[in-house]
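In our numbering, the protein residues as written are 66 to 194. Backbone N, C-alpha and C define an ideal beta-carbon position, used for all residues, glycine too. From a predicted model like this one, the values you see are computed outputs, not experimental measurements. Everything below concerns the one structure shown next.
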Amino acid sequence: MDTKGNVVNRLPLFDGCSFEGYDAALLMKETAKIRKLVTNRGTLEMLIPLCCTAKPVRYKEFRKFMKGISSKTLAVRLKELEAAKILERHAYNEIPPRVEYKLSPLGRSLEPVLKTMQQWGASFGKKGE
């Protein structure tokens, strides 16, 4: 029950679950925006190179990492991340045009999450686990 006496739907939990006591519906609501953003095709793939360096990443470097993603999709994802204040974009007034992206302070706060995902991914599928 929640504090108002309403029955709260809870998922079955495993021993040691760090979400024990959370309302699953509330957790889904609170994470909806970030889930929608990072589950778009290519979004995580764009965040990884940015997390691996403190230097800005140029558009052409993203193209190198983003095999199988069209230029249009890449541009849309970069705009979404910029609008969400996860990326900062800097366009230089020069010929040829140069545009660089770097993680904002908010974007940098995602680094521990991505590091945890990397560690989990490295252990995923190891024999005996």
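- request: Please list, in chain order, all residues of the same chain as Ile-151 whose beta carbon is under 8 Å from its beta carbon, the five residues on each side excluded.
  value: Leu-102, Leu-112, Leu-168, Ser-169, Leu-171, Gly-172, Leu-175
message: Would you call the segment 148 to 164 in contact with the segment 111 to 131, where contact means no fewer than 3 C-beta pairs closer than 8 Å?
response: yes
field: Residue interval of the alpha helix (DSSP H) (run including Lys-132)
entry: Note, Lys-132: premise wrong, no alpha helix (DSSP H); not H, not E.
field: Distance CB(Glu-110)-CB(Met-93) smaller than 7 Å
entry: no
- prompt: Which residues share a DSSP beta bridge with Val-141?
  reply: Paired residue(s): none; Val-141 is not in a bridge.
query: What residue range is occupied by the uninterrupted alpha helix (DSSP H) comprising Glu-110?
result: 108 to 116
field: Same chain only: Cβ atoms within 8 Å of Ser-136, ignoring 5 sequence neighbours per side
entry: Arg-128
field: Arg-142, buried or exposed, once every other Cβ within 10 Å from all chains shown has been counted against 16
entry: buried
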